[in-house]
Amino acid sequence: MNKKVLSVALLVALGLVATSCQKENTLDFASGTTTSRASTVYTVQYVVNGILHSESFQDEEDVDALLMYLMSLVREGYDVIVFDNNYNLNTHSSKEVVNYTALTDADATKWARNKMQEGYSVHVFYDKSNNTFICKAYR
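Just so we're aligned, residue 0 is where the sequence shown starts under numbering that gives the first Met the number 0, counting upward by one.
Take a look at the structure:
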């Protein structure tokens, strides 16, 4: 009888060791429906009067809202530069510059967003005498 108990105990211990070494979960759970929202994260970095800020967003509308807010700061006289993760900070020696003049803050926002996606850093000024946004994109 002692040999039977010892054999059963060793079999149980061996079974526990074997299941603990498996990578997959051996328990079967009731399969339920899980939904996963695959979302893109947009990270926008911006400099307002020399102070660097960084924000991450789940959708493009939030990025546009931030850019519209930044354009309102530009209209008030703030110095604003915006860029995203596509911009390479190490390209200081030879810069490609693209200039654009926008009549409205919505137009400046759209242009800045497109240039940011192309890998540019966008510096925006406001010309009070002409009521226009002067946009310069650097890459």
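We treat Cβ as the ideally placed atom computed from N, Cα and C, and that holds for glycine. Source: prediction; values computed, not measured.
Could you name the residues of the same chain whose beta carbon sits closer than 6 Å to that of residue 97, not counting the 5 residues immediately before and after it, in chain order? By one-based count along the sequence shown, residue 97 stands at place 98. Contacts found: 136.
Among the candidates 86, 107, 101 and 85, whose CA atom is the shortest distance from the CA of residue 65? Residue numbering aside, residue 65 sits at position 66 when the sequence shown is read from its first letter. The residue among 86, 107, 101 and 85 with its C-alpha nearest the C-alpha of residue 65 is 107.
State the start and end residues of the unbroken beta strand (DSSP E) segment that holds residue 135. For this step, residue 135 is matched to residue 136 along the sequence shown. It spans 131-137 - the beta strand (DSSP E) in which residue 135 sits, taken as one unbroken run.
Would you decide whether residue 102 is buried or exposed? Buried here means 16 or more other CB atoms lie within 10 Å of its CB. Along the sequence shown, one-based indexing puts residue 102 at 103. Residue 102 should be labelled exposed.
Which of helix, strand or coil does DSSP assign to residue 108? By 1-based counting over the sequence shown, the position of residue 108 is 109. Secondary structure of residue 108 (DSSP, three-state): helix.
Looking only at its own chain, which residues have a Cβ that is under 8 Å from the Cβ of residue 62, when we skip the five neighbours before and after it? Against the sequence shown, residue 62 aligns to sequence position 63. Cβ neighbours of residue 62 within its own chain (closer than 8 Å, five residues either side excluded): 41, 43, 56 and 112.
Quick one, are the C-beta atoms of residue 45 and residue 81 less than 8 Å apart? Counting from 1 along the sequence shown, the entry for residue 45 is found at position 46. Counting from 1 along the sequence shown, the entry for residue 81 is found at position 82. In contact: residue 45 and residue 81 (Cβ atoms closer than 8 Å).
Please classify residue 127: is it buried, with 16 or more other beta-carbons within 10 angstroms of its beta-carbon, or exposed? Residue mapping note: residue 127 aligns to position 128 of the sequence shown, counting from 1. The residue is exposed, with fewer than 16 neighbouring Cβ atoms inside 10 Å.
Are the Cβ atoms of residue 86 and residue 53 separated by less than 8 Å? Working through the sequence shown from its first residue, we reach residue 86 at position 87. Working through the sequence shown from its first residue, we reach residue 53 at position 54. No, the pair does not count as a contact, with Cβ atoms beyond the cut-off.
Just to confirm, does residue 40 get its C-beta within under 7 Å of one of the non-hydrogen atoms of the ligand GDP? Looking for the ligand GDP in the displayed structure turns up nothing, as the structure carries no ligands at all.
Considering residue 75, what are the terminal residues of the beta strand (DSSP E) in which it resides? Within the sequence shown, the letter at position 76 stands for residue 75. Element bounds for residue 75: n/a, residue is neither H nor E.
Tell me which residues share the same chain as residue 77 and place their Cβ nearer than 6 Å to its Cβ, disregarding the 5 neighbours each side in the sequence. The residue given as residue 77 occupies position 78 in the sequence shown. Here the set comprises 47 and 48.
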